[in-house]
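This report concerns only the one structure given below.
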Amino acid sequence: MFLVVAIAGVLQGLVTKHNQVLSSIIGLGLQIVSFLFQMGALYLGIRRAQDLPIKSSMVFYPFKWNLFLNLVGNYCLQVLIFLPIIILIFVLFILGDLAHTVFSQILLLLLMLLYGVIYKKLLPNVTPLA
């Protein structure tokens, strides 16, 4: 598992100098493969905790097509759920230099209120920032 990720990381480092788009695609693929290996290791741990027999080939269980699609879909949903928080934090860092002005304080307050309203509309049963 480590060897595959290390080789892909070296490959991405070599490609970065020449082609940024290809490097980004390799980085995304590397992230997905790394995530799937982590899920395989987690699967081994779950089976071990249940005192069920384990084999080394079970690390590759998440690479089966139906489970692969479910895991990648769940990963994409996780990214989409955290995207508003990431954007808000990014905006707060940008406005951090302007923190001494009244305008920036009002803008920060409005952004936080907007964040809460959007989450309440999209996810009525979930409390924002909880």
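In this text, residue positions in the sequence shown follow the numbering used here: the first is 92, and each later residue adds one.
For every residue, glycine included, the Cβ atom is placed at its ideal position computed from N, Cα and C.
Quick caveat, the model's predicted, so the values are computed rather than measured.
Are there 16 or more other CB atoms within 10 angstroms of the CB of residue i, so buried, or fewer, so exposed?
i: ILE117; result: buried
i: LEU160; result: exposed
i: LEU94; result: exposed
i: PRO226; result: Residue coverage of the chain in this structure runs from 92 to 221, which leaves residue 226 outside it and unanswerable.
i: GLY131; result: buried
i: LEU162; result: buried
i: LEU133; result: exposed
i: LEU127; result: buried
What is the DSSP secondary structure of residue i, reduced to helix, strand or coil?
i: ASN157; result: helix
i: GLN196; result: helix
i: GLN141; result: coil
i: ASN165; result: helix
i: LYS146; result: coil
i: LEU205; result: helix
i: LEU214; result: coil
Could you check how far apart the C-beta atoms of residue i and residue j are, in whole angstroms? I think they sit under 8 Å.
i: LEU179; j: LEU202; result: 6 Å
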